[in-house]
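J.: Chains V and Y supply the protein sequences, listed in that same order.
This note's numbering numbers the first residue of the first sequence as 1 and each following residue consecutively.
This note's numbering numbers the first residue of the second sequence as 465 and each following residue consecutively.
Encoded as structure tokens, here's the structure I'll be asking about.
There are 2 protein chains.
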Amino acid sequence: MSTTPDSAVRAYIDVNREAFLGDLAEWLRIPSVSADPARNADVRRSAEWLAAKLAGTGFPVTEIWETPGAPAVFAEWPSGDPRAPTVLVYGHHDVQPADIGDGWDTDPFEPVTRDGRLYARGAADDKGQVFFHTLGVRAHLAATGRSAPAVNLKLLVEGEEESGSPNFPALVAARAGRLACDVAIVSDTGMWAADTPTVCTGMRGLAECQIDLFGPDQDIHSGSFGGAVPNPATEAARLVAALHDADSRVAVPGFYDGVTDLAPRERELFAELPFDENEWLRTAVSYAPLGEAGHSTLERIWARPTAEVNGIYSGYQGPGGKTIIPAEAHLKLSFRLVAGQDPEKVQRLVADWAEDHLPDGIRHRITWLGATRPCLTPLDHPALQSVVRSMARAFGREVRFTREGGSGPAADLQDVLDVPVLFLGISVPSDGWHSVNEKVELDLLLKGVETTAYLWGDLGSSAL
Amino acid sequence: MSTTPDSAVRAYIDVNREAFLGDLAEWLRIPSVSADPARNADVRRSAEWLAAKLAGTGFPVTEIWETPGAPAVFAEWPSGDPRAPTVLVYGHHDVQPADIGDGWDTDPFEPVTRDGRLYARGAADDKGQVFFHTLGVRAHLAATGRSAPAVNLKLLVEGEEESGSPNFPALVAARAGRLACDVAIVSDTGMWAADTPTVCTGMRGLAECQIDLFGPDQDIHSGSFGGAVPNPATEAARLVAALHDADSRVAVPGFYDGVTDLAPRERELFAELPFDENEWLRTAVSYAPLGEAGHSTLERIWARPTAEVNGIYSGYQGPGGKTIIPAEAHLKLSFRLVAGQDPEKVQRLVADWAEDHLPDGIRHRITWLGATRPCLTPLDHPALQSVVRSMARAFGREVRFTREGGSGPAADLQDVLDVPVLFLGISVPSDGWHSVNEKVELDLLLKGVETTAYLWGDLGSSAL
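Given below as structure tokens:
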């Protein structure tokens with residue numbers, strides 16, 4: 001039940017586009033690399049720059065929130081309407097490391113516009129996608145004649161996402177009252193393609209562990225003892241081999257219990273996406289697809305739980321051979337989880353499974369490296385429908401659905417604040433996240449602005 | 465049909481014992497560490513010292529044989545009897561590295577006699593065991609009144625055994641005419657225990673390889689791609705898991721074809737040895753036995769072929785986790801072989817097996833790191849019977865049989881010279897080969913002298 005004339009939004013964006021891009025370029029010049037201690041001051045400067053900019057945009061409340069690591073930025077713009085829903089937008093102001101010596105065509109911290117693209121570290125991940133909210137809310141106000149947004153708008157922009165968000169769960173928990181909302185919108189993802197606008201409806205969860213296996217007290221001679229005592233490298237390998245069955249399904253007993261299977265309609269929607277498996281394989285720099293029987297590649301990476309070996313190491317790694325039975329073997333395993341799976345339960349299942357598979361004479365220790373819950377928004381959720389409508393208006397195209405195979409801080413918002421999490425991103429796969437020559441497509445960036453200009457009005461009149 | 469009065473041998477040894485031990489101590493003071501380039505001159509000095517000593521012992525021919533690495537010593541003492549068999553004794557004059565800082569009670573290159581033991585690097589491995597042949601042949605001559613041994617005696621003492629004998633096969637091949645013999649006797653092994661004299665009747669062979677597996681062209685994100693492309697770490701682990709069946713038998717098709725199984729009598733002889741599995745496990749610093757079903761621990765390490773993982777490495781090895789699918793995985797495998805197995809055939813079988821087990825999308829490369837053939841002397845071989853008789857006379861005890869699980873240059877003598885290889889060693893497991901406080905038991909060292917004093921007479925009258 002939108003009342004915003006779309007042409008007014010577009011006119012406002014047109015008039016303000018140059019100033020908006022100029023401001024974004026200024027922010028992109030701050031090398032807010034959270035992983036580099038030498039850039040700590042830059043990360044802080046980035047937070048302060050953003051807080052000042054949000055204040056200038058009109059947010060009546062802007063705050064720097066300290067953490068044991070890098071600071072986050074919080075901003076709030078109340079609607080003034082007691083019936084208005086509250087929306088929390090999430091993004092991050094830190095960026096991946098980048099150096100022109102890595103192979104960039106131009107300085108990663110000196111933004112350059114070329115062929116309708118803005119090149120800079122953080123252009124897509126995530127400064128550009130945070131920043132479209134600043135112009136978006138202004139366009140929403142200008143086009144509707146309002147002095148405050150139709151929703152109570154909150155922004156939380158963290159400074160450690162590229163370092164694994166070590167302090168984010170605690171920050172959200174400590175500030176849960178200030179962050180209270182009806183829905184969280186994460187602007188740190190992408191869409192299928194420039195001509196295929198999509199909304200992500202979920203991310204996989206994650207449970208990671210290290211399993212250490214101990215055999216002989218020291219490396220022993222494989223001639224003197226080989227074939228007569230257990231070899232921890234062999235046993236580590238057998239554990240890995242026992243992770244999957246012949247259908248590439250995870251063979252840990254109970255692993256699939258409770259998994260929310262894809263509805264037939266969701267499978268149809270995935271299948272309708274213009275997916276080219278060969279092109280996808282090139283993106284994966286891989287040479288064949290392989291995964292759970294009975295599921296397509298997109299289903300496997302988006303909607304099915306998996307087990308992967310991220311590392312295995314034991315014994316001799318130098319040139320030539322060394323005839324030893326190694327004393328120890330080590331495994332790094334990660335489990336991607338989907339809706340219906342509980343990381344803590346998976347941890348127990350994996351621990352029992354490992355225990356059951358190891359022979360006498362091999363001692364072991366399993367260490368869990370943290371866990372992230374999966375999140376999933378039902379397709380018929382009213383806030384998701386608002387996002388889809390707004391995006392369709394901005395893009396003039398049907399909006400389709402994707403999911404994200406990775407895992408992220410979205411789950412912390414979902415779990416701590418107990419709200420649904422939606423994803424609104426306009427980045428495309430070619431944007432080069434974490435790579436050289438990161439860029440954002442200017443057209444899409446402005447479609448992001450436009451989408452949010454519609455979204456606040458649409459959500460403001462929704463029953464959440 | 466020995467004619468040597470044992471008392472004359474013992475008397476000769478008694479008289480010469482102090483001079484013999486003094487000479488050995490002088491040799492042990494030369495730190496002939498072949499693995500240390502800084503000790504190259506010492507290795508050469510050790511060879512020259514030995515050649516001079518053998519000349520002084522009476523060997524009419526003593527030569528330094530150069531190799532691309534460290535020099536070997538060759539000596540020859542013809543019998544003069546045209547019907548005399550020819551015996552080639554093998555040993556090595558280089559030693560393992562040693563430094564008092566490693567934890568030695570005394571300087572490893574300053575021999576010390578304490579409680580009937582001579583402590584020094586090389587005391588047992590292998591200078592002591594080479595050196596007993598010098599006094600042994602003199603005792604043989606003294607007790608029999610001969611001016612030359614009853615056999616044509618040849619000695620080959622290499623200088624690179626502790627560095628893997630890289631030039632030994634080529635040396636043996638190049639000098640095959642000079643080394644021609646009826647039987648080779650390796651004095652570089654041990655016996656079961658001081659009160660259980662034993663003769664080793666064989667060594668296992670060895671085939672070593674590295675298998676490199678290649679998946680994605682670079683590490684890829686396990687969130688974005690996990691569960692949908694093959695993971696080389698997983699495939700490496702599956703290869704390892706497929707190496708053995710549930711009975712711990714090697715599952716490479718054809719691996720056991722042609723294997724010479726233990727005769728019932730040999731199994732009985734093994735079973736009669738005073739073997740304490742718990743004590744053996746302590747030596748193996750391991751916590752349980754595990755091996756081929758249907759075989760005892762001694763059978764497994766001495767007489768059965770095996771497959772072991774010596775190293776496996778792939779992906780992330782640092783602290784914490786890293787959610788990647790690794791680009792590569794690497795395996796170091798070694799196969800111990802027994803009589804009836806051919807290393808080249810095993811290489812082909814393993815290559816085919818690996819090929820069969822890898823899925824589409826995983827490329828691989830297999831690199832063989834050299835091969836050693838197994839060797840085995842039948843229990844009823846007349847030269848073996850001579851050794852057993854001579855040892856029984858020296859020790860005054862029944863002589864039992866062992867085998868050696870490891871692999872060594874003995875196989876080169878067997879293969880290049882096409883002769884049976886016997887093992888005559890007096891070292892015991894507590895002698896600390898390659899470890900700190902290496903020692904030799906003086907009583908056993910002199911039993912070695914006595915054994916060879918009887919052996920040349922016994923062999924001289926044998927039909928080989």
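Beta carbons are placed, not taken as given, at the ideal position from N, Cα and C, and that holds for glycine.
Quick caveat, the model's predicted, so the values are computed rather than measured.
For the structure I just gave you, are there three or more beta carbon pairs, one from the region 664-672 of chain Y and one from the region 791-801 of chain Y, closer than 8 Å?
T.: yes
J.: Starting from residue 761 of chain Y, find everything on chain V with Cβ-Cβ shorter than 7 Å and list it in chain order.
T.: Translated into positions along the second sequence, residue 761 of chain Y becomes position 297. Residues of chain V passing the Cβ test: 228.
J.: Can you tell me the Cα-Cα spacing of residue 308 of chain V and residue 786 of chain Y, whole angstroms?
T.: For the purposes of this step, residue 308 of chain V is identified with residue 308 of the first sequence, where counting begins at 1. For the purposes of this step, residue 786 of chain Y is identified with residue 322 of the second sequence, where counting begins at 1. Going by the C-alpha atoms only, they are around 11 Å apart.
J.: Whole angstroms are fine: how far does the CA of residue 111 of chain V sit from the CA of residue 102 of chain V?
T.: By one-based count along the first sequence, residue 102 of chain V stands at place 102. By one-based count along the first sequence, residue 111 of chain V stands at place 111. About 16 Å.
J.: So that I know if they touch, is there some Cβ in chain Y lying closer than 9 Å to that of residue 243 of chain V?
T.: Numbered from 1 along the first sequence, position 243 holds the residue referred to as residue 243 of chain V. Residue 243 of chain V counts as touching chain Y.
J.: Can you tell me which of the three DSSP states residue 647 of chain Y falls into?
T.: Within the second sequence, the letter at position 183 stands for residue 647 of chain Y. Looking at residue 647 of chain Y - three-state DSSP - the assignment turns out to be strand.
J.: Please state if the CB of residue 186 of chain V and the CB of residue 91 of chain V are separated by a distance shorter than 9 Å.
T.: For the purposes of this step, residue 91 of chain V is taken as the residue at position 91 of the first sequence. For the purposes of this step, residue 186 of chain V is taken as the residue at position 186 of the first sequence. In contact: residue 91 of chain V and residue 186 of chain V (Cβ atoms closer than 9 Å).
J.: In chain order, which continuous runs of the alpha helix (DSSP H) of length 4 or greater are located wholly inside the region 164-214 of chain V?
T.: You should have 168-174 and 176-179.
J.: What does residue 764 of chain Y touch in chain V if you count any residue whose Cβ is under 7 Å from its own?
T.: Within the second sequence, the letter at position 300 stands for residue 764 of chain Y. Within 7 Å Cβ-Cβ: 227 and 228.
J.: Nearest CA to the CA of residue 165 of chain V: which residue from V:297, V:233 and V:372?
T.: Locating residue 165 of chain V in the first sequence gives position 165, counting from the first residue. Ranking V:297, V:233 and V:372 by Cα distance to residue 165 of chain V puts V:372 first.
J.: With 16 other CB atoms within 10 Å as the buried threshold, where does residue 469 of chain V fall?
T.: Residue 469 of chain V falls outside the range modelled here, since chain V spans only 1 to 464, and no answer is possible.
J.: Using the Cβ count rule (16 or more neighbours within 10 Å means buried), how would you classify residue 34 of chain V?
T.: Sequence index remark: in the first sequence, residue 34 of chain V carries index 34 (1-based). Label assigned to residue 34 of chain V: buried.
J.: Spatial neighbours of residue 833 of chain Y within its chain, please: CB distance less than 7 Å, with the 5 preceding and 5 following residues excluded, ordered by chain position.
T.: Looking up residue 833 of chain Y in the second sequence gives position 369. Closer than 7 Å at Cβ, skipping near neighbours: 672, 673 and 674.
J.: Is there a C-beta anywhere in chain V that falls below 9 Å from the one on residue 916 of chain Y?
T.: Residue numbering aside, residue 916 of chain Y sits at position 452 when the second sequence is read from its first letter. For residue 916 of chain Y, the answer is no, since every Cβ of chain V falls outside 9 Å of its Cβ.
J.: Measuring straight from C-alpha to C-alpha, what distance separates residue 280 of chain V and residue 192 of chain V?
T.: On the first sequence, position 280 is the one that residue 280 of chain V refers to. On the first sequence, position 192 is the one that residue 192 of chain V refers to. Residue 280 of chain V and residue 192 of chain V have their alpha carbons spaced roughly 12 Å apart.
J.: What residues from the region 840-863 of chain Y come within 7 Å of chain V, judged by C-beta to C-beta, listed N to C?
T.: Taking a C-beta cut-off of 7 Å against chain V, none of the residues of the region 840-863 of chain Y qualify.
J.: Could you give the first and the last residue of the continuous alpha helix (DSSP H) run that contains residue 799 of chain Y?
T.: One-based indexing of the second sequence puts residue 799 of chain Y at position 335. Boundaries for residue 799 of chain Y: no alpha helix (DSSP H) harbours it, while the beta strand (DSSP E) harbouring it runs 792-801, taken from the DSSP string.
J.: If we count the other Cβ atoms within 10 Å of its Cβ and call it buried at 16 or more, is residue 434 of chain V buried or exposed?
T.: Within the first sequence, numbered from 1, the residue matching residue 434 of chain V stands at position 434. Exposed is the call here.
J.: Between Y:640, Y:488 and Y:604, which lies nearest to residue 538 of chain Y when the distance is taken from Cα to Cα?
T.: Position 74 of the second sequence, counting from 1, holds the residue named residue 538 of chain Y. The shortest C-alpha separation from residue 538 of chain Y is found at Y:640.
J.: Using the rule of at least 16 other Cβ atoms within 10 Å of the residue's Cβ for burial, across every protein chain shown, is residue 564 of chain Y buried or exposed?
T.: Counting from 1 along the second sequence, the entry for residue 564 of chain Y is found at position 100. So residue 564 of chain Y counts as exposed.
J.: According to DSSP, which residues form a beta bridge with residue 777 of chain Y?
T.: Along the second sequence, read from residue 1 onward, the residue named residue 777 of chain Y stands at position 313. According to DSSP, which records beta bridges pairwise, residue 777 of chain Y is partnered with V:313 and Y:794.
J.: For residue 752 of chain Y, would you say it is in contact with chain V, using Cβ-to-Cβ distances shorter than 9 Å as the test?
T.: Walking along the second sequence from the start, residue 752 of chain Y turns up at place 288. So yes, residue 752 of chain Y belongs to the interface.
J.: Which ranges would you report for the alpha helix (DSSP H) in the region 721-772 of chain Y if only whole runs of at least 4 residues count?
T.: 728-736, 741-747 and 761-767
J.: If I'm right that residue 885 of chain Y touches residue 916 of chain Y with Cβ under 8 Å, what's the distance once you round it to whole angstroms?
T.: Position 421 of the second sequence holds residue 885 of chain Y. Position 452 of the second sequence holds residue 916 of chain Y. About 16 Å separates the Cβ atoms of residue 885 of chain Y and residue 916 of chain Y, ruling out a contact at the 8 Å cut-off.
J.: Pull up the distance between the alpha-carbon of residue 466 of chain Y and that of residue 612 of chain Y, whole angstroms please.
T.: Taking the second sequence and counting its residues from 1, the one referred to as residue 466 of chain Y is at position 2. Taking the second sequence and counting its residues from 1, the one referred to as residue 612 of chain Y is at position 148. Low confidence applies here, because residue 466 of chain Y scores a pLDDT of 46, under 50, leaving its location unreliable and the question unanswered by this model.
J.: Name the chain V residues whose beta carbon is nearer than 7 Å to that of residue 828 of chain Y?
T.: Start at 1 with the first residue of the second sequence, and residue 828 of chain Y comes out as number 364. Correct list: empty, because the minimum Cβ distance to chain V is about 12 Å.
J.: Spell out whether any CB of chain A is found under 9 Å from the CB atom of residue 93 of chain V.
T.: Looking for chain A here will not work: the only protein chains present are V and Y.
J.: For residue 679 of chain Y versus residue 776 of chain Y, is the C-beta spacing smaller than 9 Å?
T.: Reading the second sequence from its first residue, position 215 is the one you call residue 679 of chain Y. Reading the second sequence from its first residue, position 312 is the one you call residue 776 of chain Y. Residue 776 of chain Y sits away from residue 679 of chain Y, with the two beta carbons spaced by 9 Å or more.
J.: Going by the DSSP bridge assignment, what does residue 555 of chain Y pair with across the sheet?
T.: Looking up residue 555 of chain Y in the second sequence gives position 91. Its beta-bridge partners are Y:621.
J.: For residue 231 of chain V and chain Y, any beta-carbon pair shorter than 9 Å?
T.: Start at 1 with the first residue of the first sequence, and residue 231 of chain V comes out as number 231. Closer than 9 Å: yes.
J.: Taking the Cβ atom as the reference point for each residue, do residue 753 of chain Y and residue 229 of chain V lie within a distance shorter than 9 Å?
T.: Taking the first residue of the second sequence as 1, we reach residue 753 of chain Y at position 289. Taking the first residue of the first sequence as 1, we reach residue 229 of chain V at position 229. Yes; because the gap between Cβ atoms is below 9 Å, this pair is in contact.
J.: Let me know the alpha helix (DSSP H) ranges lying completely inside the region 349-433 of chain V, each 4 residues or longer, listed in chain order.
T.: Complete alpha helix (DSSP H) runs here, min 4: 382-395 and 410-417.
J.: Tell me which residues share the same chain as residue 522 of chain Y and place their Cβ nearer than 8 Å to its Cβ, disregarding the 5 neighbours each side in the sequence.
T.: Within the second sequence, the letter at position 58 stands for residue 522 of chain Y. Answer for residue 522 of chain Y: 541, 601, 602 and 605, listed in chain order.
J.: What would DSSP say about residue 465 of chain Y, mapped onto helix, strand or coil?
T.: Translated into positions along the second sequence, residue 465 of chain Y becomes position 1. Note that residue 465 of chain Y scores 42 on pLDDT, short of 50, meaning its location in the model is unreliable and no value can be drawn from it.
J.: With 7 Å as the C-beta to C-beta threshold (strictly closer), list the residues of the region 887-905 of chain Y near chain V in chain order.
T.: Within the region 887-905 of chain Y, no residue has a Cβ lying closer than 7 Å to any Cβ of chain V.
J.: For residue 20 of chain V, collect the residues of the same chain with a Cβ closer than 7 Å to its Cβ; drop the 5 residues on either side in sequence, then sort them by chain order.
T.: Counted from its first residue, the first sequence places residue 20 of chain V at position 20. Answer for residue 20 of chain V: 135, listed in chain order.
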